[in-house]
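Asks: Take the sequence shown: its position 253, counted from the start at 1, is 253 in my numbering, and no numbers get skipped. Glycine residues also receive a C-beta, built at the ideal position from the N, C-alpha and C atoms. The structure displayed is predicted, hence computed values, not measured ones. Take a look at the following structure, please.
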Amino acid sequence: MSLPPIPMSPKKWKAFSLNGKRRLKITRGDSWINRKQRHGHRLFMKKHTALQSISLLLKPTSSLCNLSCAYCFYRRVRDIYPSIPPKMSRSVADRVIRETLSANAPHNSFCWQGGEPLLMGLDFFRDVVALQKKYARPGQVIENSLQTNGLLLDDQWCKFLRQENFLVGISLDGPAEIHDFYRKDNEQKGTFSEVMQSIGLMKKHDVQFNILCLLTDRNVKSPLELYNFFRSHDFRFIQFINCFENDSCSGALKPFSVRGEETGEFYITLFDEWFKKDFFNVSIRFFEDILLYLVDGVKASCCYNNICNSYLVVEHNGDCYPCDFFVFGEWKIGNLIQNDIRTIMKNPLRAAFASLKADLSEECKECRVVSFCKGDCTRFRYRPDAGYKNISEYCTTMKMVYHHIEPYLPEIRLRVAAYRSRQF
Numbered sequence: 001m002s003l004p005p006i007p008m009s010p011k012k013w014k015a016f017s018l019n020g021k022r023r024l025k026i027t028r029g030d031s032w033i034n035r036k037q038r039h040g041h042r043l044f045m046k047k048h049t050a051l052q053s054i055s056l057l058l059k060p061t062s063s064l065c066n067l068s069c070a071y072c073f074y075r076r077v078r079d080i081y082p083s084i085p086p087k088m089s090r091s092v093a094d095r096v097i098r099e100t101l102s103a104n105a106p107h108n109s110f111c112w113q114g115g116e117p118l119l120m121g122l123d124f125f126r127d128v129v130a131l132q133k134k135y136a137r138p139g140q141v142i143e144n145s146l147q148t149n150g151l152l153l154d155d156q157w158c159k160f161l162r163q164e165n166f167l168v169g170i171s172l173d174g175p176a177e178i179h180d181f182y183r184k185d186n187e188q189k190g191t192f193s194e195v196m197q198s199i200g201l202m203k204k205h206d207v208q209f210n211i212l213c214l215l216t217d218r219n220v221k222s223p224l225e226l227y228n229f230f231r232s233h234d235f236r237f238i239q240f241i242n243c244f245e246n247d248s249c250s251g252a253l254k255p256f257s258v259r260g261e262e263t264g265e266f267y268i269t270l271f272d273e274w275f276k277k278d279f280f281n282v283s284i285r286f287f288e289d290i291l292l293y294l295v296d297g298v299k300a301s302c303c304y305n306n307i308c309n310s311y312l313v314v315e316h317n318g319d320c321y322p323c324d325f326f327v328f329g330e331w332k333i334g335n336l337i338q339n340d341i342r343t344i345m346k347n348p349l350r351a352a353f354a355s356l357k358a359d360l361s362e363e364c365k366e367c368r369v370v371s372f373c374k375g376d377c378t379r380f381r382y383r384p385d386a387g388y389k390n391i392s393e394y395c396t397t398m399k400m401v402y403h404h405i406e407p408y409l410p411e412i413r414l415r416v417a418a419y420r421s422r423q424f
């Protein structure tokens, strides 16, 4: 769901690694594929100090999509980019990749989203990989990931994704009756069967993938049903994303959105089941975020940092924004065709957006949980009718789950220490 920005000043953060390689994060306040699955369950890995990185969240098809999901927050971007079709040209891709790698950051993360990025076609992504290899400097690490609805995946796509080591985030909201309620194609037909078929293809070709599950009014009351469904299909990497959309005038939450207390109840029920049965076997992003902080003092997701500047959003024409929830004219911070990446990253408007995160309400400043959440994602604090300095819709969620987990902490520390001692 939400976004992260990009830090260019030398910023060191803790990471976990089984093989000495850096695990890059593309965290969107929650959006998703922030975890590199190939590096394993984050909580059980040893820490090391990672080097500076650049993370891009790229929108090569802008809001163009082959689905018509009722809750899609990015459809409104059509009003900003009305061209048909809004697709990234090869020349724009060349410039974006060349400019990014010219900054000479040791680690470079390219996360391809939409809309639906696979609408670009396989040849576009073959060109992307070729350009990355062309412009890479000695010693630079390049990682690619993409988020997809899965409808266009086939054997050819999966072979390519496996060969080029892409990490895939695939959207699946639960069993058919839940998934198909909101995730319909442009003919208003459900897409569950096609998504499950695509997941089967990724398993067949050994493509690394995460499940991205949006919590809505349709599934938030059914945590065990949802989790048991995912477990029955042996999904080991899951990210639950809070559906949050409010009316552009009144600020009232839309019907499909989830509220703080019900989301807290969802996670508490889920945690008890996960802790009892799957602590070492299944990675659930939100729980890892809390446990990494409680065990090691590590912030693994951008939404819990002091400022919001861990990545750049790059639209199909090179326009840059600090976050894909804030793709509005007033937050445009440059264009990679017209500006070099250093200029964009030093844009005062980017710094102004980043600092919104630290502008906490008085209630937040006095809360014990603020050391972890730092007021939560700017997205969940913004109200069209009240600006940015508000309490997150999921403040209640955070407090409920954080306080529920704390009593487990002594046992968690013992489990993690024992596991790490066996692995290293």
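(1) So is residue 233 buried or exposed if we call it buried at 16+ other beta carbons inside 10 Å?
(2) Give the list of continuous beta strand (DSSP E) stretches no shorter than 3 residues that lie fully inside the stretch 145–210.
(3) Quick one: give me the first and last residue of the beta strand (DSSP E) that residue 109 is part of.
(4) Please state whether DSSP places residue 373 in a helix, a strand or coil.
(5) In the DSSP assignment, what are the bridge partners of residue 402?
(6) Under 8 Å, do residue 115 and residue 59 count as touching if we go by C-beta distance?
(7) Could you spell out where the alpha helix (DSSP H) holding residue 313 opens and where it closes?
(8) For residue 293, which residues of its own chain have a beta-carbon under 6 Å away from its beta-carbon, when the five flanking residues on both sides are left out?
(9) Count the C-beta pairs between the stretch 63–81 and the stretch 313–325 that are closer than 8 Å, then say yes if the count reaches three, no if not.
(10) Excluding five sequence neighbours on each side, which residues of the same chain lie with their C-beta closer than 6 Å to the C-beta of residue 266?
(11) Suppose only complete runs of 3+ residues qualify. What are the beta strand (DSSP E) ranges in the stretch 77–135, listed by chain order?
(12) Using the DSSP secondary-structure output, state which residues sit across from residue 143 in a beta bridge.
(13) From the DSSP output, in three-state form, read off residue 289 for me.
(14) Which one or two residues does DSSP pair with residue 55 in a beta bridge?
(15) Is the beta carbon of residue 215 closer than 8 Å to that of residue 493?
(16) Around the C-beta of residue 354, are 16 or more other C-beta atoms found within 10 angstroms, so that it is buried, or is it exposed?
(17) Look at residue 170 and residue 193 and say whether their C-beta atoms are less than 8 Å apart.
(18) Give me the Cα-Cα distance between residue 336 and residue 405, rounded to the nearest whole angstrom.
(19) Skipping 5 residues on each side, what residues in its chain have a beta carbon closer than 7 Å to that of residue 279?
(20) Using the DSSP secondary-structure output, state which residues sit across from residue 251 in a beta bridge.
(21) Does the distance from the C-beta atom of residue 380 to that of residue 237 stay below 8 Å?
(22) Please classify residue 382 as buried or exposed, where buried requires at least 16 other C-beta atoms within 10 Å of its C-beta.
(23) Is DSSP giving residue 360 helix, strand or coil here?
(24) Ignore the nearest five residues each way along the sequence and tell me which others in residue 402's own chain have a CB closer than 7 Å to its CB.
(25) If you follow the alpha helix (DSSP H) that residue 412 is in, where does it begin and where does it stop?
(26) Report the residue from 256, 241, 239 whose alpha carbon sits nearest the alpha carbon of residue 247.
(27) When you compare only the Cα positions, how much space is there between residue 392 and residue 251?
(28) Of all the options 113, 206, 174, 184, which has the alpha carbon lying nearest to the alpha carbon of residue 226?
(29) Would you call residue 409 buried or exposed, if buried means 16 or more other Cβ atoms sit within 10 Å of its Cβ?
(30) Do the CB positions of residue 341 and residue 103 come within less than 8 Å of each other?
(31) If the criterion is Cβ atoms closer than 8 Å, does the pair residue 92 and residue 317 meet it?
(32) Starting from residue 319, trace the beta strand (DSSP E) both ways and give me its first and last residue.
(33) With three or more beta-carbon pairs closer than 8 Å as the criterion, would you say the stretch 54–68 touches the stretch 105–119?
(34) Beta-carbon within less than 8 Å of residue 385's beta-carbon, same chain only, minus the 5 sequence neighbours each way: which residues are those?
(35) Give the single residue among 64, 179, 376 whose Cα lies nearest to the Cα of residue 299.
Replies: Looking at the atomic coordinates:
(1) Using a 10 angstroms sphere on the CB of residue 233, the tally of other CB atoms stays under 16, which defines it as exposed.
(2) Those beta strand (DSSP E) runs which fall completely within the stretch 145–210 and span 3+ residues are 167–171.
(3) That run of the beta strand (DSSP E) goes 107–112.
(4) Residue 373 falls in the helix class under three-state DSSP.
(5) In DSSP, residue 402 forms no bridge with anything.
(6) Contact flag set, yes.
(7) First-last for residue 313: 312–315, but that is the beta strand (DSSP E), not the alpha helix (DSSP H).
(8) Answer for residue 293: 372, listed in chain order.
(9) Using a Cβ-Cβ distance cut-off of 8 Å, the stretch 63–81 and the stretch 313–325 are in contact, since at least three pairs of beta carbons, one from each stretch, lie closer than that value.
(10) So the list reads 220, 223, once near-sequence residues are dropped.
(11) Correct list: 107–112.
(12) Bridge partners of residue 143: 109.
(13) Of the three classes helix, strand and coil, the one that applies to residue 289 here is helix, per DSSP.
(14) Per DSSP, the beta-bridge partners of residue 55 are 109.
(15) Since the first and last residues shown for the chain are 1 and 424, residue 493 lies out of range.
(16) Buried, because 16 or more other Cβ atoms sit within 10 Å of the Cβ of residue 354.
(17) A distance of 8 Å or more separates the beta carbons of residue 170 and residue 193.
(18) Taking the straight line from one Cα to the other gives about 44 Å.
(19) Cβ contact annotation for residue 279 (same chain, cutoff 7 Å, sequence separation greater than five): 415, in chain order.
(20) Residue 251 pairs with nothing; no bridge assigned.
(21) The answer is no: Cβ separation not under 8 Å.
(22) Its Cβ being crowded by 16 or more others within 10 Å, residue 382 is buried.
(23) The three-state secondary structure of residue 360, taken from DSSP, is coil.
(24) Correct list, in chain order: 290, 369, 372.
(25) Secondary structure note for residue 412: its alpha helix (DSSP H) is the uninterrupted segment 409–423.
(26) The alpha carbon of residue 247 has as its nearest neighbour, out of 256, 241, 239, the alpha carbon of 256.
(27) Between residue 392 and residue 251, the C-alpha separation is close to 13 Å.
(28) For the residues 113, 206, 174, 184, the minimum Cα distance to residue 226 belongs to 174.
(29) Label assigned to residue 409: exposed.
(30) With respect to the 8 Å criterion, residue 341 and residue 103 are classified as neighbours on the basis of their beta carbons.
(31) Yes, Cβ-Cβ distance for residue 92 and residue 317 is below 8 Å.
(32) For residue 319, the enclosing beta strand (DSSP E) begins and ends at 319–321.
(33) Judged by pairs of C-beta atoms under 8 Å, the stretch 54–68 touches the stretch 105–119, as three or more such pairs exist.
(34) Result list for residue 385: 249, 250, 251, in chain order.
(35) Comparing C-alpha distances from residue 299 to each of 64, 179, 376 shows the shortest one belongs to 376.
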